[in-house]
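Residue numbers (the numbering used here): 6 to 256.
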């Protein structure tokens, strides 16, 4: 049972109870102090429904998002929204949730503004969040780890059990999500460039320490999923993913 007034949880089967920080610590395998820090830093009123509504009401922006190959169902499932900066520039907002706590918002430069990065986070945001985290926790299937949010979204549109880490190729799982990788079957689907290949080596060292099977997707001779799909098609891309090799062959 859950007492929403006192923020208490009690399991009547095992007769164990937790307060809010103890519950967050227990289900994520982190310390009570880290759980408390997380709640203190990020637990603010979630106003993301406003940004979601802005995207659905802006037909030009919505059409632009759909042109990436994202269905309306995916847009709704991933809670995509519209972010405007102080100059009125529009970005595709990708909310980052951790146990239903909004910890960051990634901004994709879908309009391709000059002198702006392709993707950026909130100021001083922690990197290494797993997206979408709650789906990863509940998944018993092979999980495919992509280099960025756009590639992850594209793969989910294809029906692939896809995830990513915030921060791009150089990101590694942060201390709040690393324990979720334990005993998972992971396929790394990073870009076929120098940064992506270096990131694969770094990811293997970290992830294999969490007692899991790690495999690698090869996209030769193409650089990234977008380039591969444009050249070979979605069906061939899904087939290539299913034929991903063991990490030992990568080395």
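No residue lacks a Cβ here, since even glycine has one placed at the ideal position from N, Cα and C.
Quick check on DSSP: helix, strand or coil for residue i?
i           : result
residue 163 : coil
residue 89  : strand
residue 182 : coil
residue 74  : coil
residue 209 : helix
residue 158 : helix
residue 66  : helix
residue 35  : coil
residue 224 : coil
residue 52  : coil
residue 22  : strand
residue 198 : coil
residue 130 : coil
residue 176 : coil
residue 143 : helix
residue 242 : helix
residue 229 : coil
residue 81  : helix
Are the CB atoms of residue j and residue i within a distance shorter than 8 Å?
i           : j           : result
residue 120 : residue 144 : no
residue 115 : residue 55  : no
residue 230 : residue 124 : no
residue 171 : residue 219 : no
residue 174 : residue 204 : yes
residue 228 : residue 196 : yes
residue 99  : residue 113 : yes
residue 239 : residue 150 : no
residue 136 : residue 154 : yes
residue 107 : residue 97  : no
residue 179 : residue 139 : no
From the DSSP output, read off the bridge partner residues of residue i.
i           : result
residue 169 : 136 and 151
residue 98  : 86 and 112
residue 218 : 190
residue 106 : 103
residue 265 : Only positions 6 to 256 of the chain appear in the structure, and residue 265 is not among them; the question remains open.
With residue i and residue j assumed to form a contact (beta carbons below 8 Å), what rounded beta-carbon distance in angstroms separates them?
i           : j           : result
residue 34  : residue 184 : 3 Å
residue 147 : residue 182 : Contact doesn't hold; Cβ gap of about 18 Å is too wide.
residue 60  : residue 79  : Rounded, the Cβ-Cβ distance is 13 Å, inconsistent with contact.
residue 102 : residue 141 : Contact doesn't hold; Cβ gap of about 11 Å is too wide.
residue 134 : residue 156 : With a Cβ gap of about 16 Å, residue 134 and residue 156 do not count as contacting.
Pick from the options: whose alpha carbon is nearest that of residue i?
i           : options               : result
residue 247 : 222, 179 and 30       : 222
residue 95  : 111, 21 and 103       : 111
residue 81  : 65, 53, 90 and 135    : 53
residue 209 : 190, 226 and 227      : 190
residue 225 : 206, 243, 198 and 212 : 198
residue 243 : 161, 207, 176 and 212 : 161
residue 212 : 194, 186, 104 and 89  : 186
residue 58  : 39, 127, 207 and 89   : 89
Using only the heavy atoms of the ligand FMN, determine whether one of them is closer than 7 Å to the beta carbon of residue i.
i          : result
residue 27 : You won't find the ligand FMN in this model; it holds no ligand whatsoever.
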